[in-house]
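Enquirer: Protein chains in written order, with my numbering: chain D, 1 to 306; chain F, 307 to 825; chain A, 826 to 1178.
Every residue, glycine too, gets a C-beta built ideally from N, C-alpha and C.
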Amino acid sequence: MLDIVSLVANAEFWSAVLRIATPLIFGTLGVLLCERAGVLNLGIEGIMVAGAFAGWLTVYQGGGLWSGVAVAAVTGAAFGLLHAFLTVSLALSQHVSGLGITLLATSLAYYAYRVSFPNVSTPPTIQPFAEMAMMPIPVLSSQTPLTWLALALVPALAWVLYRTPLGLALRMVGENPAAVEGQGIDVVRLRTFAVVAGSALMGVAGAFLTLSAFNAFYFSMVNGRGWICVALVVFAGWRPGKALGGALLFAFFDALQLRLSQQAGGIPYQIYLMVPYVLSIVALVVVARRATYPQALMKPWRKGER
Amino acid sequence: MTASGRGAEADAVLRLSGISKRFGAVVANDAISLELGRGEILALLGENGAGKSTLVSILFGHYVADAGTIEAFGKPLPPGDPAAALAVGIGMVHQHFTLADNLTVQDNVVLGTEPLWAPASRRAAARAKLVATAERFGLAVDPDARVATLSVGERQRVEILKALYRDARVLILDEPTSVLTPQEAAALFSTLARLCADGLSIIFISHKLTEVLRVSDRIAVLRAGKLVATLDAATAQSSELAEQMVGRAVRKPVARDHRRGDTVCAVSRVRVDAGSGALHDVTLALRAGEIVGIAGVSGNGQQALADVLCGLRAPDAGTVTLAGHAMRADPRAWIDAGVARIPEDRHAVGVIGDFAVWENAVAERYRRPFSSAGIVRRTAARKYARTLVDRFDVRGGGIDTPARALSGGNVQKLILGRALTGGFAQGDDFTPVLIVANQPTWGLDIGAVAYVHQRLLDASARGAAVLLISDDLDEILAIADRIAVMHGGRLSRARPAGEWTRAAIGLAMTGAEVAADAA
Amino acid sequence: MRLEARTRRSRAALLLAPFAAIAFTLAVTMALVAWAGSPIGETYALLFAGGFGSRFAWTETLTRATPLVFTGLSVAIAFRARLWNIGAEGQLYAGALAAVAVGGLHGGTGFDLPAGVLFPAMLGASVLAGAILLLVPTFLRTRFGVDEVVTTLLLNFIVLLAVSMLLDGPMKDPAALGWPQSVALRDDLQLDKLVPRTRVHTGLVYAIVAAAILAFVVRATTLGFEMRAVGANARAAAFAGVPVARTMALVAVISGGLAGLAGAIEVAGRTGYVTLDMSPGYGYSGIVIAMLAGLSPLGVVAAAVFIAGVLVGADSMSRGVAVPTYIADVIVAVSLVSMLVATLFVRYRVRLR
């Protein structure tokens, strides 16, 4: 017990927590945008891989770090556009389309990597984002600009959702698209916008992995983080503030597990690695009873159909 | 065809010319031309399926017409664009409310009224305008209330406010009284009069003759997609209207005199905890050969009662017996005991849309008798389905057609057929012990309604106990032997139909008498 | 352009859809091949030759197809009942582990029973393992309303970690010189080869038999009726008296069991033991196969052979031209998406305004 306290009571631990939380924040906010508008986006796992690769490749080929982030966002947006076309315009199954996007984005990223680097065995590295050491705040000064961006995005997204006409329309289209159409707003365009924007955020989540957390692109880099974000959105009740809380809580346990596993003990390291996934399932069960889903989530909408 | 001259042409706020629309093989609107004058209430009268909702949906921009034009305030209206309709001053109160339950009244009303890309909503100003509009037209609402907590009448007020907030000059109301008590309907009519005095023009859709005569200035009658008559309400006769609406003689259902038998199903002090649709202390006895009608606006516990009697739900307190045996919540047990069930939502619950007609025909009895040793007896099932389709005149395709492709009336006939024949191909030897009919004629045309009523009366004459739940008072008064009124989860005593007056039932629907009875 | 609902499902579209999807897929992936700097014609020729061009190629393809038929059936059965089983990968590994636990000798202590008893027991254990793994998310769904997509996905990761843990520890093969692989199955429990000196084994026969049985169950039995009813409209099915929760549980058992069986058959037929990389995503490919087959059990066999051919062909092709093997994964992914779009035309007609 004392071990845990000593583990937790130092700035380095909390830096790690923020680092682990950052891709989760981006990813969860991305899923949140899509689901609030009524669309389940299971493409997140693949989009994160594609974003990670695209961002890294841009920097490797000489672009700036922020250019890499932008390219990752555009990559995510492109896959989001495909998903929106399939699920919103064509009203196809959101489950199958999302899984298809994940398979597609992942395989395309791996293919592109192998075509670009046919014979390397160790992944080539780049110079990642530097820490914001000039800021005087303790834990935050050891974070990179992307983490600051993630933290700033939470109140920004909350503002948009709850205090702007666009946010009202987004929330409404996930509850009752007929109501939105009846007020003169195009449902397809609105939902497509939400999915594209959310997917761009997912792309940035992936870019954080290659441009900040690590400095190269590995296979199996994302490792289920996308699915964890999908679980976190439910846990967060589709609210940005709670999404931040959920991501931090999750990252806390993940960082703790990492440190505990480094200590001597009889428990195999795999048990520690299982903790994040088990926690996600538990979180889902705990919240399931009370979850108020956006009422039109996963219900396809066809204009003018009797 | 009598043409009306009220409202000089120069005063027309809306002009529809030659509107036509078809959905697949069905012609919903056939070259309809109409005018709406300033400050008048025009009723669109027609039976279910006549094309009234389609016409106004085209007007509002939900659908695009195949042919024809619309002029609003002298200028052409771009088709298929609700935003354009709203901009020109047309507002619509839909039959099925387009409200987001999880958001507030203000959210629902204000949506779409501000430019989408504005950096911040003007909440205080919007709130003030909303409250002012509500007061001006006498529609009290709480802007911060979550829509999910509102009653049906209150929700309708929000729908109307949505249009008035946007300075609508033309208001379309699609079957507004179908969800209201008589008293609430009267309140709505006085609101409409107030709106007209303010210069609004109103299109009022209904299939109820009496109400249309009462509230409108002019009446346009639609039948099978065509406009067949436009009459002045002041001079129109209800018999003339009825004739125009239906266009043919419809046989009124004939009730044969017969013996009433013993109690078949006893509901005793049943309580169901179901939030707003709960049941409190309901007692009811259903006797063989008798039709008991449960009147009341939907949402007062009727669904819970139907669920209990269909075997879908166990009561949280109290007992339910069928032929003396206590029944548990298992649909199969009820089906096997001879209960015929007609659900409220025929498309979503009554049939499986993707299944073929023959599969739906045996859906309640796929185990017994249409399976043996775990294998489905296809030949027997298909033969039964064929007989069913013949006897109950189910049209729209063969027994292999997916149920999704059938019209509402034909789906209802299929459901009726399987319920009333109990799995026996001949059907003559079988009479259900109890028929639970929940809103069985909702959305059906007059012919289909008469058909359903006749079948219920016939079954009752053969000894079935019939429970008819309906929010259509006319239907209950037409065929029920005893009537009880449901309000707030409580059921009044079931008195013989002759002892009720329309006014008394209306009063009971607001709760006054029911509470006294149940005490 | 808009979509208009058809009154009757188009039979023609239903049969043509997979072919249209595949044709579109191959057209699209041409761009990727060109990007890799490879001559398109030669590449595709090598791809097809590698998968279907020789007797040897066919045996390799059929070997690959065997577990794919099982996972395809697993997903098809689940999706028909609208149970989104994305956990076939984990269920496969669980089944493989269970098979080795029953049929392998751990450090000298094994079940010393005749093969006639042990073999069915081994298969039964794998079915049980896969079934339990899917029953848990299904139970969470029916009881708590937790979406099974995420739970089955997360379970995949958990199972893989468990496999790694067991392979490091209790089930490790001491003779494998530190390589993480499990104890091997007893010789007499392994499956015979169908064609000598090739890898194709009798597991293929099991797979085809399973498909035939499943096709019969879905079409002709009361269980099949219940499963289809629940998948098409659970509310209406419940109203008609179909025991929804029980049916879902049965579907979970069958689906999970089939995926578990995939693992056992792979171990018994191809490898002989469990390794961490024995399944290159068979569980996920199963989803694509199920969709290409239109969720039809017999269609799954054809789709599995096709996908297997593409995967085997890609391996062989990559040895001849400089196109990465990942092209196969891209083909699989694009097939899924194009098949999804193709199914639209079964229900809808395109009307040009």
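#1: Just how far apart, CA to CA, sit Thr934/A and Asp1017/A?
#2: For the segment 347 to 398 of chain F, which segments carrying the alpha helix (DSSP H) assignment without a break, of at least 4 residues, lie completely within its bounds, in sequence order?
#3: Look at the alpha carbon of Val1137/A and the alpha carbon of Ile847/A, and state the distance between them as a whole number of angstroms.
#4: Beta-carbon of Ala838/A versus every beta-carbon of chain D: anything under 8 Å?
#5: Just to confirm the assignment, what range does the alpha helix (DSSP H) spanning Lys299/D have?
#6: With distances taken between CB atoms, is the gap from Phe857/F to Arg452/F smaller than 8 Å?
#7: Taking only the alpha-carbon atoms, compute the straight-line gap between Leu1150/A and Ser879/A and give it to the nearest angstrom.
#8: Name the one or two DSSP bridge partners that Gln574/F has.
#9: Would you say the segment 16 to 34 of chain D touches the segment 179 to 190 of chain D, given that touching needs at least three Cβ pairs under 8 Å?
#10: Roughly how many whole angstroms lie between the Cα atoms of Ala1036/A and Thr75/D?
#11: Can you list, in chain order, the residues of its chain whose CB lies under 8 Å from that of Phe85/D, leaving out five sequence neighbours each side?
#12: For Gln94/D, return the contacting residues in chain A, with the cut-off set at a CB-CB distance below 8 Å.
#13: Within 10 Å of its beta-carbon, does Gln263/D have 16 or more other beta-carbons around it, so buried, or fewer, so exposed?
#14: Which partner residues does Tyr1173/A have in the DSSP bridge list?
#15: Use the C-beta contact count for Ala499/F: other C-beta atoms within 10 angstroms, 16 or more gives buried, fewer gives exposed.
#16: Looking only at DSSP bridge pairs, what is Met990/A linked to?
#17: Excluding sequence positions up to five away, which residues of its chain have a Cβ less than 6 Å from the Cβ of Lys358/F?
#18: Express the C-alpha separation of Leu365/F and Gly714/F in angstroms, rounding to a whole number.
#19: Looking at the unbroken alpha helix (DSSP H) that takes in Lys301/F, where does it start and where does it end?
#20: Out of curiosity, what's the CA-to-CA distance linking Gly184/D and Ile478/F?
#21: Can you tell me which of the three DSSP states Ile267/D falls into?
#22: Whose C-beta lies closer than 6 Å to the C-beta of Glu377/F among residues of the same chain, with five residues either side of it excluded?
#23: Determine, using beta carbons only, whether Pro1149/A comes closer than 8 Å to chain D.
#24: Anything in chain A within Cβ reach of Met274/D, meaning under 7 Å, just list it in chain order.
#25: So does the segment 1131 to 1146 of chain A actually touch the segment 780 to 800 of chain F, counting three or more Cβ pairs closer than 8 Å?
#26: For Asp407/F versus Gln295/D, is the C-beta spacing smaller than 8 Å?
#27: I'd like to know if Val230/D contacts chain A, where contact means its C-beta is closer than 8 Å to some C-beta of that chain.
#28: Determine, using beta carbons only, whether Pro621/F and Arg577/F come nearer to each other than 8 Å.
#29: Going along the segment 216 to 248 of chain D in order, which residues come within less than 7 Å of chain A, judged by CB to CB distance?
#30: Could you give the distance in angstroms between the alpha-carbon of Gly970/A and the alpha-carbon of Leu42/D?
#31: Give the C-beta separation of Ile658/F and Asn1058/A to the nearest angstrom, bearing in mind that I take them to be a contact with Cβ-Cβ under 8 Å.
#32: Taking the straight line between their C-alpha atoms, what separation do you get for Leu533/F and Ala526/F?
#33: Apply the 10 Å Cβ neighbour rule to Leu582/F and answer buried if 16 or more other Cβ atoms are within range, or exposed otherwise.
#34: Among Ala903/A, Val1159/A, Leu1117/A, Ile1112/A, whose alpha-carbon lies nearest the alpha-carbon of Val1043/A?
#35: Could you tell me which residues DSSP puts in a beta bridge with Met792/F?
#36: What did DSSP end up calling Asn744/F once you bin it into helix, strand or coil?
Expert: In this structure, then:
#1: Only weak support is given to the placement of Thr934/A: the predicted model assigns it a pLDDT of 47, under 50, and the value that follows is read from those uncertain coordinates. Using only the alpha carbons, I get a separation of about 25 Å.
#2: Correct list: 358 to 366, 388 to 394.
#3: 17 Å
#4: Chain D has no Cβ within less than 8 Å of the Cβ of Ala838/A.
#5: From DSSP, Lys299/D is part of no alpha helix (DSSP H); its letter is neither H nor E.
#6: In the structure as shown, chain F starts at 307 and stops at 825, and residue 857/F therefore has no counterpart that could be examined.
#7: Checking the displayed sequence, the identity of residue 1150/A turns out to be Thr instead of Leu. Distance between the alpha carbons of Thr1150/A and Ser879/A is about 20 Å.
#8: Just to set this straight, residue 574/F is Ser in the shown sequence, not Gln. According to DSSP, Ser574/F bridges with Thr625/F.
#9: The segment 16 to 34 of chain D is not in contact with the segment 179 to 190 of chain D.
#10: 40 Å
#11: Taking C-beta separations shorter than 8 Å and ignoring five residues to either side along the sequence, the partners of Phe85/D in its chain run Thr192, following chain order.
#12: Within chain A, no residue comes near Gln94/D; the closest Cβ sits about 10 Å away, beyond 8 Å.
#13: Within 10 angstroms of the beta-carbon of Gln263/D lie fewer than 16 other beta-carbons, which makes it exposed.
#14: Ala830/A
#15: Exposed.
#16: In the DSSP secondary-structure assignment, Met990/A is not bridged to any residue.
#17: Leu350, Gly352, Ile511, Leu528
#18: 24 Å
#19: Here chain F covers residues 307 to 825 and nothing more, so residue 301/F does not appear.
#20: 16 Å
#21: Reduced to three states, the DSSP call for Ile267/D is coil.
#22: Arg321
#23: yes
#24: For Met274/D, the C-beta contacts it makes with chain A under 7 Å involve Ile983, Leu986, in order along the chain.
#25: no
#26: yes
#27: Taking 8 Å as the threshold, the shortest C-beta distance from Val230/D to chain A falls below it.
#28: yes
#29: Gly224, Trp227, Val230, Ala231
#30: 18 Å
#31: 5 Å
#32: Cα to Cα, the separation comes out at about 7 Å.
#33: Strictly speaking, residue 582/F in this sequence is Ser, with Leu absent from that position. Around the Cβ of Ser582/F, a 10 Å sphere holds fewer than 16 other Cβ atoms; the residue is exposed.
#34: Ala903/A
#35: Leu797/F
#36: strand
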